[in-house]
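Participant:
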Amino acid sequence: SYKCAIFDLDGVLVDTAKYHYLAWKELAGKLGFEFTIEHNEMLKGVSRMTSLDILLEVGNMKDAFSEEEKVKMATEKNNQYVEYISNIDESEILEGALSLLQELKQKGIKIALGSASKNAQIILKNVGLESYFDVIVDGNSVSKAKPDPEVFTLGAKTLGVPYEECVVFEDSQAGLEAAKIVGMLAVGVGQKKDLTNADVVYSTLKDFNIEKYF
Ligand code: G6P
Ligand code: MG
Numbered sequence: 002s003y004k005c006a007i008f009d010l011d012g013v014l015v016d017t018a019k020y021h022y023l024a025w026k027e028l029a030g031k032l033g034f035e036f037t038i039e040h041n042e043m044l045k046g047v048s049r050m051t052s053l054d055i056l057l058e059v060g061n062m063k064d065a066f067s068e069e070e071k072v073k074m075a076t077e078k079n080n081q082y083v084e085y086i087s088n089i090d091e092s093e094i095l096e097g098a099l100s101l102l103q104e105l106k107q108k109g110i111k112i113a114l115g116s117a118s119k120n121a122q123i124i125l126k127n128v129g130l131e132s133y134f135d136v137i138v139d140g141n142s143v144s145k146a147k148p149d150p151e152v153f154t155l156g157a158k159t160l161g162v163p164y165e166e167c168v169v170f171e172d173s174q175a176g177l178e179a180a181k182i183v184g185m186l187a188v189g190v191g192q193k194k195d196l197t198n199a200d201v202v203y204s205t206l207k208d209f210n211i212e213k214y215f
């Protein structure tokens, strides 16, 4: 059985993926093009600057801006996003997340966060989930972004758990791919049609059967 659970944050534990989407959509609007919820799937789990590149490609503006202008746009998006998340509370915790964390803790399973976000700490604090984690790996602690597995392997190494004994919970294709590369069990949270890289998919964490894996 598995010894460690690694959680992505946005869209798995907390309903913040919608705020990322809103902030990106606003930027696209300013640039004069439509950015749909389907486009947004490509941004999930992906770092801030890579997300911007993908968004600009959607708008056919791939080479229209200098590096400096791009940093400015990403900062603007982040300011908007930070405003959205500054007032969130435990009501934004996704269905089944809290009870799963509690049950894992009771069973003595190690729990890690593996998020690409530089805003992970403030989100965990605002929704009151900080204390469940034995280790927090986020966008500030790693240099390589998903689908590079660094954000998961660093957590496993810190906890001293072999990769094949880790379960990763993810709502993004990039994150599921990262988990599989190093032999972790890739559990998709969301819709099957979006998460073809997963070993198994549940629509919410509430449907995850803890006894089956831990
Ligand atoms: C997560 C989200 C992405 C986001 C990335 C970076 O992986 O799924 O949508 O772009 O984190 O987040 P940040 O808060 O640092 O911009
Ligand atoms: Mg996510």
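Numbering (full-length UniProt numbering), first residue to last: 2 to 215. We put the CB at the ideal spot given by N, CA and C, even for glycine.
(1) Please classify ASP54: does DSSP put it in a helix, a strand, or coil?
(2) Going by DSSP in three states, residue 1 sits in which element: helix, strand or coil?
(3) Any heavy atom of the ligand G6P within a distance shorter than 7 Å of the CB on LEU56?
(4) In the region 121-185, which residue ranges form an unbroken beta strand (DSSP E) of at least 3 residues, counting only runs that do not cross its ends?
(5) According to DSSP, is VAL13 part of a helix, a strand, or is it coil?
(6) Less than 7 Å between the CB of residue 1 and some heavy atom of the ligand MG, yes or no?
(7) Relative to the ligand MG, is the shortest distance from any of its heavy atoms to the C-beta of GLY46 smaller than 7 Å?
(8) Give me the residue from VAL190, GLY184, GLY176 with the minimum Cα distance to MET167.
(9) Under 8 Å between the Cβ atoms of ALA180 and PRO150?
(10) What residue range does the beta strand (DSSP E) around TYR203 cover?
(11) In the DSSP assignment, what are the bridge partners of ALA6?
(12) What residue range does the alpha helix (DSSP H) around GLY30 cover?
(13) Which of the three DSSP states, helix, strand or coil, is assigned to ILE86?
(14) Run the proximity test for THR12: is its beta-carbon closer than 7 Å to any non-hydrogen atom belonging to the ligand MG?
(15) So the candidates are GLY156, ASP90, VAL152; which of them puts its Cα closest to the Cα of PHE134?
Facilitator: Result, derived from the coordinates:
(1) helix
(2) The chain is shown only over 2 to 215; residue 1 falls outside these bounds and no answer can be derived.
(3) no
(4) 136-138, 167-171
(5) coil
(6) The structure shown does not extend to residue 1, since the chain is modelled only from 2 through 215, so no value can be given for it.
(7) yes
(8) Looking at the sequence itself, residue 167 is Cys, so the reference to Met does not match. Comparing Cα positions, the closest option is GLY184.
(9) yes
(10) 201-203
(11) ILE112, VAL168
(12) 18-32
(13) helix
(14) The sequence given here places Gly at residue 12; Thr does not occur at that position. True, at least one ligand heavy atom lies under 7 Å from that Cβ.
(15) GLY156
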